[in-house]
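A.B. asks: Under the numbering used here, residues 1 to 150 are what the sequence shown spells out, in order. Before we start, here is the structure in question, set down as structure tokens.
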Amino acid sequence: MTASKLAALSPEERARIEEEELARKSSLGTMGSEDLTAMEQSIIQDIFFEYDRSDLSASARDILAAIADWMEKDSSVKVRIEGHADERGTSEYNLALGERRANASKKYLVTLGTEQSRLSTISYGEEIPMKEGRNEEAWAKNRRVHFEIK
């Protein structure tokens, strides 16, 4: 996000975006957000899921379409798709749910023409929360797929 767009946001929205950036930097990525252009950062957004679901929403499909377009323009890019879940459920169940979320995202990218060899998936289940807390706000942030550029 550009500095001017960031400045135009409410303090709460800026805090949320900064929190998300910290979470991204702390996840096990190979390229930090500081290495991406502002345009790339606007494209590579996390996608979020409803409770106990792995189906892609319309907004998730829009984000994935933008990622597929970007990857088509830069054939050197590879992406690791990381599935996450909130803390509810067993560790085993949440790992499987994160895997389903990552695989649904990968499958959609492949249907859009992205080469499967440029995509990898991993599930972290509940192990790397974006937001700490035991409430719906935190759980909603943690039900996600995150993309790391390799």
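Note that CB positions come from ideal geometry on N, CA and C, so glycine has one too.
(1) Short of 7 Å in beta carbon distance, which residues of its chain neighbour residue 54, apart from the five on each side in sequence? Order them along the chain.
(2) For the alpha helix (DSSP H) containing residue 37, name the first residue and the last one.
(3) Roughly how many angstroms lie between the CA atoms of residue 143 and residue 125, to the nearest whole one?
(4) By the DSSP assignment, the beta strand (DSSP E) with residue 80 in it spans what residues?
(5) Can you check which of these residues, 107, 92 and 116, is closest to residue 152 by C-alpha distance?
(6) What would DSSP say about residue 112, mapped onto helix, strand or coil?
C.D. replies: Walking through what the data contain:
(1) In the same chain as residue 54, and ignoring 5 residues on each side of it, the C-beta atoms closer than 7 Å to its own belong to 97, 100, 101 and 104, in chain order.
(2) From DSSP, residue 37 is part of no alpha helix (DSSP H); its letter is neither H nor E.
(3) Going by the C-alpha atoms only, they are around 9 Å apart.
(4) Where residue 80 is concerned, the enclosing beta strand (DSSP E) stretches over 79-84.
(5) A question about residue 152 goes unanswered here, because the residues of the chain that appear run from 1 up to 150.
(6) Three-state DSSP puts residue 112 in coil, outside helix and strand.
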